[in-house]
Amino acid sequence: MRATNKLLLSILAGAVAIEVFTGVYFVPRIFIIFLEPLSGVSDETLATASRQWQVANYIRFAMVLGTLYLYGRTAYRLVAARVLAARGEAPVRTETSVRTVATEALR
Numbered sequence: 002m003r004a005t006n007k008l009l010l011s012i013l014a015g016a017v018a019i020e021v022f023t024g025v026y027f028v029p030r031i032f033i034i035f036l037e038p039l040s041g042v043s044d045e046t047l048a049t050a051s052r053q054w055q056v057a058n059y060i061r062f063a064m065v066l067g068t069l070y071l072y073g074r075t076a077y078r079l080v081a082a083r084v085l086a087a088r089g090e091a092p093v094r095t096e097t098s099v100r101t102v103a104t105e106a107l108r
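Going by my numbering, the first residue of the sequence shown is number 2, and it counts up by one from there.
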């Protein structure tokens with residue numbers, strides 16, 4: 002499998018993981034913090050749910066940044082390959098030379 006295909010699959014997996022994490026972890030806390038009547042929820046339960054929400058947001062933000070990084074890297078590879086194809090040159094498939102080829106192609 003080519004490296005670009007692996008990156009595209011990683012982006013898809015990252016997006017799915019973010020959605021699953023949001024649905025499994027955040028939705029129950031949404032019910033506790035925002036949707037249930039607050040008269041039946043203790044202050045300690047609200048404080049705990051809020052702290053857990055904050056920590057999980059850091060984790061989710063890191064997942065989003067990782068997925069965005071993979072997206073940018075893949076877009077860069079695809080643009081470099083398209084520029085080379087427009088020039089009639091064969092795309093270079095080595096990991097280290099993609100940046101060099103893209104830089105030279107955009108000159």
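Cβ coordinates follow ideal geometry from the N, Cα and C atoms, glycine included.
Would you identify the three-state DSSP class for residue i, choosing helix, strand or coil?
i     : result
Gly67 : helix
Pro29 : helix
Arg3  : coil
Phe35 : helix
Val42 : coil
Leu20 : Note that residue 20 is Glu in the sequence shown, not Leu. Here Glu20 sits in helix by DSSP.
Can you grab the Cα-Cα spacing for the pair residue i / residue j, in whole Å?
i     : j     : result
Phe62 : Glu90 : 39 Å
Asp44 : Leu36 : 15 Å
Ala14 : Ala87 : 31 Å
Leu79 : Phe27 : 35 Å
Ile31 : Leu69 : 26 Å
Thr75 : Arg83 : 12 Å
Phe22 : Pro29 : 11 Å
Ile12 : Ala4  : 12 Å
Leu39 : Val56 : 22 Å
Gly41 : Ile33 : 10 Å
Gly67 : Leu85 : 27 Å
Val25 : Leu8  : 25 Å
Buried or exposed for residue i, please, with buried defined as at least 16 other CB atoms from any protein chain shown within 10 angstroms of its CB.
i     : result
Met2  : With a pLDDT of 46 at Met2, under the threshold of 50, the modelled position of that residue is not reliable, and the figure given next carries that caveat. Answer is exposed; the Cβ neighbour count stays below 16.
Gly73 : exposed
Leu71 : buried
Ala48 : exposed
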